[in-house]
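Protein chains: 2
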Amino acid sequence: MILENALAGAAAAARAFGRTTPADRAAMLRAAADALDAAAGELVPSAMTESRLPEARLTGELARTTFQARLFADRLEQGLLHDVRVDHADPDWPMGPRPDIRRTQVPIGPVLVFAASNFPFAFSVFGGDTVSALAAGCPVVVKAHPGHPGLSRRTAAVVAPHLPDGVFALIEGVDAGAAAVQDPRIKAVGFTGSTRGGRALFDLAASRPEPIPFYGELGSTNPVVVTPAGWAARAEEIATGFAGSVTLGSGQFCTKPGIVLVPDAEAFLAAVPELSAGPMLNERIEGGFCTAAREMAAAVTVARGEVGGGPVLFRSTAVEVLKRPELLELEVFGPAALILEYADVPEALQVLDAVGGQLTGTVQGADTDPDAPELVARLAEHAGRVLWNQWPTGVTVSDAQQHGGPYPATTAPTTTSVGTAAAARFLRPVAFQNIPEAALPAELREGAPGPRRVDGITRA
Amino acid sequence: MILENALAGAAAAARAFGRTTPADRAAMLRAAADALDAAAGELVPSAMTESRLPEARLTGELARTTFQARLFADRLEQGLLHDVRVDHADPDWPMGPRPDIRRTQVPIGPVLVFAASNFPFAFSVFGGDTVSALAAGCPVVVKAHPGHPGLSRRTAAVVAPHLPDGVFALIEGVDAGAAAVQDPRIKAVGFTGSTRGGRALFDLAASRPEPIPFYGELGSTNPVVVTPAGWAARAEEIATGFAGSVTLGSGQFCTKPGIVLVPDAEAFLAAVPELSAGPMLNERIEGGFCTAAREMAAAVTVARGEVGGGPVLFRSTAVEVLKRPELLELEVFGPAALILEYADVPEALQVLDAVGGQLTGTVQGADTDPDAPELVARLAEHAGRVLWNQWPTGVTVSDAQQHGGPYPATTAPTTTSVGTAAAARFLRPVAFQNIPEAALPAELREGAPGPRRVDGITRA
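From first to last, the protein sequence lines stand for chains Z and S.
Using my numbering, read the first sequence as starting at 1 and increasing by one per residue.
Using my numbering, read the second sequence as starting at 1001 and increasing by one per residue.
So this is what it looks like as structure tokens:
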């Protein structure tokens, strides 16, 4: 769509769409999800052609995508996307008489979503950013990823008829995306992509006359710590699990384990089975993988594979990378990881403190592992999700999911881009003071259903 | 304190303070609040000397400040500051087997707080930003406001002994504040002050190599709409209430009603009783008031009072200001307001759509007022708090309070700087996947007390 039409349509639709009921929006999300499922026979082949990803993966990803939309619909119907608080008037409130005051959230306004290349369904046109913004009541303008333009247009064509005019639009092109970030009609941005591209757009959003929230999910190297006890007890399981995770989706996941701290690098490398990966998404991403891998190879040893020829493992030590901590943030987007040998757990902890913000951090340990509590606590200081004896690739969509973390994992560390809490990014709190019942939002009226906090007490 | 000592101390203290229990932090907040109350006899006279504010106001403000700290302590003990979510492992989760995943929040890290001049207790050294950050588990470095340096040092001296070493520090000076915003050890900033000063610091925070959240509460003109029915039914009450609100605290509140839309400006002005206000906080603020008032006087009529001589009311019409909408965002910080006559309610709504982001918006109406629902809904699109038949000055501290709004009211429209939800600004969500019970944060363990969402169901 022409950019001006998309922006004007979103601005014109915002008020009416923002006033739809949660049940209205739930019905729209379900209708769009049903339509996408019904179009799987057309969409999946289109995605295969453009992304080089296999059919099974894409079929599963589409199922995940429509499930995600329906989960937001469920939570809308259950009154679980809004944080409702009611404080009745209280003449005895200790700081002075309290008026009747009630808090809910309203949509932030039209949202711009930058689709990602590596999940052509789940993080693209009707992905998590789009459905969480629609659930919040915001019109969405999606900037299509150039990696799958045909699929993007088809997805948009399937979805749009189930949403009111102006509520959904697809735009294309780098310039259109940058112009939209700076347009006063856009009130928030969701982005999934590289640190470099995301930071450039973040800077545009922050430098507007009216700066707006920019929810960028950028880079992560996802450190994994194999404990001494874990390696002693579960060496083969760990090495095999790692091989599967680092090559899953050809390593083209933001949660790919890129840094692995091990007590014995030689033993670990010997135990890792042969690595194989499918083709990469496109030549641009393959080129980026090779460039980053060459940069890493210039600094450390190539222990397995070859730069430019599929999966590759690098090797160094904790002591060495602590002298060059920039290597810990060098994301080699593809089937690659840096294996670091540490002398003792305090040395591994030092590396964790140097890695910067992360989407995930993982501990591979043993039952009653003496190092588990401190490693988990330390990873929680730096990452948005901490795992034990599982692998970070594969991100479930649920209420408790958190996909984010300190910069550069995201530009908005108090938020998530996956899971039902993602809608909060596009909801703005408003307090209603002494407002007559008839003029209150429905969820704030006396006796309205749904969980809430009333006079400081949670009601289920 | 020397800046480097403050920052180094905060960074060194962050880990241990972040791992204190909510009960530990509640006890610290209570001890500090008790110490402040006990020192009232020393603090209030100090505040009177430096702020020119009367004793009764300052005594009340100190009570509000210590109440606020104790309310955060209550909510910590009740488990109400964290949004706890537990999703048990579910092999039948529709998108694929779900691991056990549990979400809570961890402290974001050391917080820098810029104190305000106009509330020497409640928005200063131990004000809302400070106590919400401490409640979240973050060390705080406060940049003292130069309007009350002696009081700031005394307050810090009373509070500091009740907090662990490094957890609280006071710094002074514009340069120290700007340097601290850019220091990598600072992870978030709270600010209350002018749009100009706040925007400059926001720009510094956003342009860091690691950008950080900047929670700035900046300017607002707080529109009030008097409906035709409201004016017919409650003219005297409205005019009297307005006179009290516009002069309260000499108009030096960010919630002062600065724009009043009325059906009959002449009748409104005739009904407003004589306006009187105490001295202003200091010469700098008085100078700023005069400058802004002169700017307004150059564009519209001075209807009451004189520029440079205490309270002043300006007068124009909706039609005129719609031609010069910048006047709607011109905050004349002091006892002043712009009275705008509108021809009909649609014209008043047009003005509301032009006013930009606001902390508050108010409707003064009548019982069964036909215009109430649309005016309330429209103000909710632009403001953080909407009031009916009350006045926006006086901001209660409670769970449902919202003090924020779209830019320029704040730089972070999804957050609040007043009320218990303010702690969320300094809490970063973390998901724990498949973590052994002993390594989980206490609130995430099975059977832990406190409200939570378990497998999609709210538990009180």
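Cβ atoms here follow ideal geometry from the backbone N, Cα and C, with glycine treated the same way.
Since the structure is predicted, the reported quantities are computational estimates derived from the model, not experimental observations.
Buried/exposed call for residue i, threshold 16 Cβ in 10 Å
i         : result
ALA383/Z  : buried
GLU1042/S : exposed
ILE1457/S : exposed
GLY193/Z  : buried
PRO1139/S : buried
ASP344/Z  : exposed
ILE2/Z    : exposed
GLY249/Z  : buried
ARG1284/S : exposed
GLU1331/S : buried
GLY173/Z  : exposed
GLY1357/S : buried
THR415/Z  : buried
ASP183/Z  : buried
GLY1009/S : buried
ALA1188/S : buried
GLU1050/S : buried
ARG1537/S : With chain S covering 1001 to 1460 only, the question about residue 1537/S has no answer from this structure.
PRO1257/S : buried
THR1368/S : exposed
ARG196/Z  : exposed
GLY1287/S : exposed
ASP165/Z  : exposed
Interface residues of chain S facing residue i [CB-CB closer than 9 Å]
i        : result
GLY384/Z : ARG1428, PRO1429, VAL1430 and ALA1431
Neighbouring residues, chain Z, relative to residue i (Cβ below 9 Å)
i         : result
PRO1370/S : Going along chain Z, no residue has its Cβ under 9 Å from PRO1370/S, so there is no contact; the nearest lies around 11 Å.
ALA1093/S : For clarity, residue 1093/S is Trp in the given sequence; the question names Ala instead. Result: PHE67, THR396, VAL397 and SER398.
PRO1202/S : A quick correction: the sequence has Phe, not Pro, at residue 1202/S. The answer, in chain order, is ALA206 and PRO211.
ALA1421/S : ASP83, ARG85, ARG103 and PRO429
Beta-carbon proximity of residue i to residue j, cut-off 8 Å
i         : j         : result
VAL1355/S : PRO1223/S : yes
ALA1156/S : LEU1134/S : no
GLU1341/S : ALA1366/S : no
SER207/Z  : THR247/Z  : no
ALA176/Z  : LYS143/Z  : yes
PHE289/Z  : VAL300/Z  : no
PHE1123/S : LEU1062/S : no
ALA422/Z  : SER132/Z  : yes
GLY1419/S : GLN1433/S : no
GLN1078/S : GLY1309/S : no
SER1219/S : PRO1408/S : Note on identity: in this sequence residue 1219/S is Gly, with Ser being the wrong assignment. Against a cut-off of 8 Å, the Cβ pair of PRO1408/S and GLY1219/S comes out as a contact.
SER417/Z  : ASP92/Z   : no
PRO436/Z  : TRP1391/S : no
ARG70/Z   : ALA33/Z   : yes
LEU269/Z  : ARG234/Z  : no
Cross-chain neighbours of residue i in chain S, by beta carbon under 7 Å
i        : result
GLY456/Z : ASP1399
ILE101/Z : THR1396, SER1398, ALA1400 and GLN1401
Proximal residues of chain Z, C-beta to C-beta of residue i below 7 Å
i         : result
LEU1387/S : GLN433 and ASN434
VAL1376/S : ILE435 and ALA439
PRO1451/S : THR458
ALA1380/S : VAL106 and VAL430
ARG1064/S : MET95
THR1393/S : Near THR1393/S there are no residues of chain Z at all, since even the closest Cβ is about 12 Å away, more than 7 Å.
Where residue i meets chain Z, residues with beta-carbon distance less than 8 Å
i         : result
GLU1236/S : None at all; the shortest Cβ gap to chain Z is about 19 Å.
TYR1407/S : GLU210, PRO211 and ILE212
PRO1139/S : Those within 8 Å of PRO1139/S in chain Z number zero; the least Cβ separation is about 14 Å.
GLN1390/S : PRO99, GLN433 and ASN434
THR1411/S : PRO211
Cβ-Cβ separation, residue j to residue i (assumed contact under 8 Å), whole Å
i         : j         : result
LEU484/Z  : MET48/Z   : Chain Z is shown only over 1 to 460; residue 484/Z falls outside these bounds and no answer can be derived.
ALA136/Z  : PRO107/Z  : 5 Å
PRO1413/S : ALA1229/S : Actually they do not touch by this definition, with Cβ atoms about 32 Å apart.
THR255/Z  : VAL395/Z  : 6 Å
THR410/Z  : GLU217/Z  : 5 Å
GLY278/Z  : PRO54/Z   : 7 Å
Chain A contact for residue i (CB, 8 Å cutoff)
i       : result
ASP87/Z : Although the question refers to chain A, the structure presented lacks it and instead comprises the protein chains Z and S.
Contacts that residue i makes with chain S (C-beta to C-beta distance below 8 Å)
i        : result
PRO373/Z : ALA1438 and ALA1439
ALA424/Z : THR1414
Subject >> Residues in the stretch 237-262 of chain Z having any Cβ partner in chain S nearer than 8 Å >> reply: Here the close residues number zero.
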